[in-house]
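Novice: Take a look at the following structure, please.
Protein chains: 2
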Amino acid sequence: MSDTRAKLLDAAARTVSTDGLAAASARAIAARAQVNQALVFYHFGTVAELVEAASRQRVADSVEHYRERFGAITTLSELLALGRELHERERAAGNVALMAQLMSGGQHDPVLARAARHAMDCWTAEVQAVLTRVLASSPLADVLDLAGLARAITAGFIGLELVEGVDPAGATAALAALERLGLLVEVVNDLGAVGRRALRAKLRNRR
Amino acid sequence: MSDTRAKLLDAAARTVSTDGLAAASARAIAARAQVNQALVFYHFGTVAELVEAASRQRVADSVEHYRERFGAITTLSELLALGRELHERERAAGNVALMAQLMSGGQHDPVLARAARHAMDCWTAEVQAVLTRVLASSPLADVLDLAGLARAITAGFIGLELVEGVDPAGATAALAALERLGLLVEVVNDLGAVGRRALRAKLRNRR
DNA sequence: GTCTATAAGATGATAGAC
DNA sequence: GTCTATCATCTTATAGAC
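Heads up: the sequence lines are chains A and B, in that order. Take the first sequence: its position 150, counted from the start at 1, is 131 in the working numbering, and no numbers get skipped. Take the second sequence: its position 20, counted from the start at 1, is 1 in the working numbering, and no numbers get skipped.
This is the structure we're talking about:
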């Protein structure tokens, strides 16, 4: 890949994650890449397509980086611990902010929507695979919809990032509360047969 | 309040929620309000301040509309049912989309950040009050941080809206998974003394 | 592939008439 | 309070020289 393309991709991702989508004009990105503004359109057609390509690259790199770590997870509490670490690292790298901007921009731009969907799908697939493995013999697997839960977790990371940006203290409180909720899941998980019976009964009741 | 101000407030809220913050220029809002563009600046100073005022009005109206409904809630499952209804109604009214746009815009604009914080604070206060009342005698109240949990729930609504915009099927799956998780909370809640003991033990273990 | 120059238009905001 | 007119600035995108 040409040097210019690489510089633009990196500059696009950095501009969106640090200054937001609204500030990510062709000129702003090109300036950060120290490249002529017209090259954005020569190489990528439109600004949105450049941002999409940049997002795909970031997601591919990040998921790759965590693949073997995910593979080594065997228990629910290990997964929660890795989730904490991953959230912190990806946040610091600006990748969560990038996804959040894509999600909001994607509400009214089909190219950005495609980028947001792709990013969510990549992370969701990883999370779902680990959840399925870790909860294979748990009573929770019968009751929880792991595909949906994986997606809710990915969405939760993005939601927390947005809250963090406007109310840091609130985001910290929310994250702490969710970790307490994780504890609750572990409790039911540890209940084994008792928990399984209680869950099934509840489920029958509800239908 | 003058007719023009009211028309601008309504038009601003509608423009942001249907077309997004990026399309909410002074001209676009004024056109929807059928009012001269210069009046945006005469009445509100800047576009961001108009959007903030519009958001505050919407939030005040919505919270007021649900106040007595919230007050009538006595059980956890009633609360979950009202949450479903509220989410659906507020979504349809565009108020969740409005909040989502404020959150993402607020990442880099202090005025929008203030509006987003205010909206979150209003809803969080309502949710927390109900949670505290409903879980007063539950083993969950000891373990969960209700203030943080209320904030996480508000953030979750916004996150779901963003996912819905880029991947409707995924959002539906995520919501269904979260309702299953709510079931799980109910199970522990119903366990009474047994659940309380298990939760406390788990909490001790973790520290 | 890269550059300059420029078209064609939108934007926030203001001055000043009424 | 409301209007018109306007400024200065920004935007995407392209044409054409090198």
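Note that beta-carbon positions come from the ideal geometry of N, C-alpha and C, so glycine has one too.
Looking at the C-beta of residue 166 of chain A, does it have a partner C-beta in chain B at a distance below 8 Å?
Specialist: As a position in the first sequence, residue 166 of chain A is number 185, starting the count at 1. Output row for residue 166 of chain A: interface = yes.
Novice: Mind reading off the beta-carbon distance from residue 33 of chain A to residue 96 of chain A? Whole number of angstroms is fine, and I expect it under 8 Å.
Specialist: The sequence position of residue 33 of chain A within the first sequence is 52, counting from 1. The sequence position of residue 96 of chain A within the first sequence is 115, counting from 1. Rounded, the Cβ-Cβ distance is 4 Å, consistent with contact.
Novice: Distance check for residue 154 of chain B and residue 184 of chain A, CA to CA, integer angstroms please.
Specialist: Residue numbering aside, residue 184 of chain A sits at position 203 when the first sequence is read from its first letter. Residue numbering aside, residue 154 of chain B sits at position 173 when the second sequence is read from its first letter. Using only the alpha carbons, I get a separation of about 18 Å.
Novice: Kindly list, in the order they appear in chain A, the residues whose Cβ is closer than 9 Å to that of residue 139 of chain B.
Specialist: In the second sequence, counting from the first residue as 1, residue 139 of chain B sits at position 158. What residue 139 of chain B touches in chain A: 140, 143, 144.
Novice: Which ranges would you report for the alpha helix (DSSP H) in the region 3 to 45 of chain A if only whole runs of at least 4 residues count?
Specialist: Listed in chain order, the complete alpha helix (DSSP H) runs (minimum 4 residues) inside the region 3 to 45 of chain A are 7 to 14, 19 to 25.
Novice: Quick one, which residues of the region 86 to 105 of chain B are near chain A if we go by CB-CB under 7 Å, in chain order?
Specialist: From the region 86 to 105 of chain B, only 87, 88, 89, 94, 97, 98, 101 have a Cβ closer than 7 Å to chain A.
Novice: Rounded to the nearest angstrom, how far is the Cβ of residue 10 of chain A from that of residue 27 of chain A, given a contact under 8 Å?
Specialist: Within the first sequence, numbered from 1, the residue matching residue 10 of chain A stands at position 29. Within the first sequence, numbered from 1, the residue matching residue 27 of chain A stands at position 46. With a Cβ gap of about 12 Å, residue 10 of chain A and residue 27 of chain A do not count as contacting.
Novice: Report the residue ranges of all beta strand (DSSP E) runs contained in full by the region 103 to 152 of chain B; include only those spanning at least 3 residues, in chain order.
Specialist: Entirely contained in the region 103 to 152 of chain B, not one beta strand (DSSP E) run reaches 3 residues.
Novice: Apart from the five residues just before and just after residue 21 of chain B, which ones in its own chain have a Cβ nearer than 7 Å to its Cβ?
Specialist: To locate residue 21 of chain B, count along the second sequence from 1; it is residue 40. Result list for residue 21 of chain B: -11, 7, 10, 11, 28, 31, in chain order.
Novice: Counting only C-beta atoms, is residue 112 of chain A closer than 8 Å to chain B at any point?
Specialist: Position 131 of the first sequence, counting from 1, holds the residue named residue 112 of chain A. Residue 112 of chain A does not count as touching chain B.
Novice: Is there at least one Cβ from chain A nearer than 8 Å to residue 126 of chain B's Cβ?
Specialist: In the second sequence, the residue the question calls residue 126 of chain B occupies position 145. Residue 126 of chain B counts as touching chain A.
Novice: Anything in the region 175 to 187 of chain A with a Cβ closer than 9 Å to a Cβ of chain B? List those residues in chain order, please.
Specialist: Listed by position along the chain: 175, 176, 179, 180, 182, 183, 184, 187.
Novice: Please confirm if residue 82 of chain B has its CB atom under 8 Å from at least one CB of chain A.
Specialist: Sequence index remark: in the second sequence, residue 82 of chain B carries index 101 (1-based). It does; some Cβ of chain A falls within 8 Å.
Novice: Over the uninterrupted alpha helix (DSSP H) stretch that includes residue 191 of chain B, give me the two end residues.
Specialist: The structure shown does not extend to residue 191 of chain B, since chain B spans only -18 to 188, so no value can be given for it.
Novice: Under a Cβ-count criterion, where at least 16 other Cβ atoms within 10 Å of its own Cβ denotes burial, should residue -16 of chain A be classed as buried or exposed?
Specialist: Residue -16 of chain A sits at position 3 when you count from the first residue of the first sequence. With fewer than 16 Cβ atoms within 10 Å of its Cβ, residue -16 of chain A is classed as exposed.
Novice: Inspect the beta-carbon positions of residue 151 of chain B and residue 157 of chain A and report whether they are closer than 8 Å.
Specialist: On the second sequence, residue 151 of chain B is found 170 positions in, with the first residue counted as 1. On the first sequence, residue 157 of chain A is found 176 positions in, with the first residue counted as 1. Cβ distance not < 8 Å, so residue 151 of chain B and residue 157 of chain A don't count as in contact.
Novice: Can you name the residues of chain B whose CB is closer than 9 Å to the CB of residue -8 of chain A?
Specialist: In the first sequence, residue -8 of chain A corresponds to position 11, counting from 1. None at all; the shortest Cβ gap to chain B is about 17 Å.
Novice: Consider the Cβ of residue 28 of chain B: report whether some Cβ of chain A lies at a distance smaller than 8 Å.
Specialist: For the purposes of this step, residue 28 of chain B is taken as residue 47 along the second sequence, with counting starting at 1. No, no contact with chain A.
Novice: Please state if the CB of residue -8 of chain B and the CB of residue 14 of chain B are separated by a distance shorter than 8 Å.
Specialist: Mapped onto the second sequence, residue 14 of chain B falls at position 33. Mapped onto the second sequence, residue -8 of chain B falls at position 11. Their beta carbons are under 8 Å apart, which means residue 14 of chain B touches residue -8 of chain B by this criterion.
Novice: Just to confirm, is the Cβ distance from residue 140 of chain B to residue 136 of chain A under 8 Å?
Specialist: Along the second sequence, read from residue 1 onward, the residue named residue 140 of chain B stands at position 159. Along the first sequence, read from residue 1 onward, the residue named residue 136 of chain A stands at position 155. Yes.
Novice: Given a cut-off of 8 Å, decide if residue 172 of chain B and residue 82 of chain B are closer than it, judged by their beta-carbon atoms.
Specialist: Start at 1 with the first residue of the second sequence, and residue 82 of chain B comes out as number 101. Start at 1 with the first residue of the second sequence, and residue 172 of chain B comes out as number 191. No, Cβ-Cβ distance for residue 82 of chain B and residue 172 of chain B is not below 8 Å.
Novice: Can you confirm whether the region 106 to 114 of chain B touches the region 34 to 52 of chain A when touching is taken to mean that 3 or more C-beta pairs between the two stretches lie within less than 8 Å?
Specialist: With the cut-off at 8 Å, the region 34 to 52 of chain A and the region 106 to 114 of chain B do not touch.
Novice: Have a look at B:163, B:84, B:143 and flag the residue whose alpha-carbon is nearest the alpha-carbon of residue 65 of chain B.
Specialist: The count along the second sequence starts at 1 and reaches residue 65 of chain B at position 84. For residue 65 of chain B, the nearest C-alpha among the options comes from B:163.
Novice: Taking the alpha-carbon positions, what's the residue -14 of chain B to residue 24 of chain B distance?
Specialist: If you number the second sequence from 1, residue -14 of chain B lands on position 5. If you number the second sequence from 1, residue 24 of chain B lands on position 43. Roughly 7 Å between the two C-alpha positions.
Novice: Where does residue 173 of chain A sit, in a helix, a strand or coil, going by DSSP?
Specialist: For the purposes of this step, residue 173 of chain A is taken as residue 192 along the first sequence, with counting starting at 1. Here residue 173 of chain A sits in coil by DSSP.
Novice: Tell me the rounded alpha-carbon separation between residue 39 of chain A and residue 80 of chain A.
Specialist: Here the question's residue 39 of chain A lines up with position 58 in the first sequence. Here the question's residue 80 of chain A lines up with position 99 in the first sequence. Rounded to the nearest angstrom, the two C-alpha atoms are 10 Å apart.
Novice: Starting from residue 32 of chain A, find everything on chain B with Cβ-Cβ shorter than 7 Å and list it in chain order.
Specialist: By 1-based counting over the first sequence, the position of residue 32 of chain A is 51. Here the premise fails: no neighbours, minimum Cβ distance about 13 Å.
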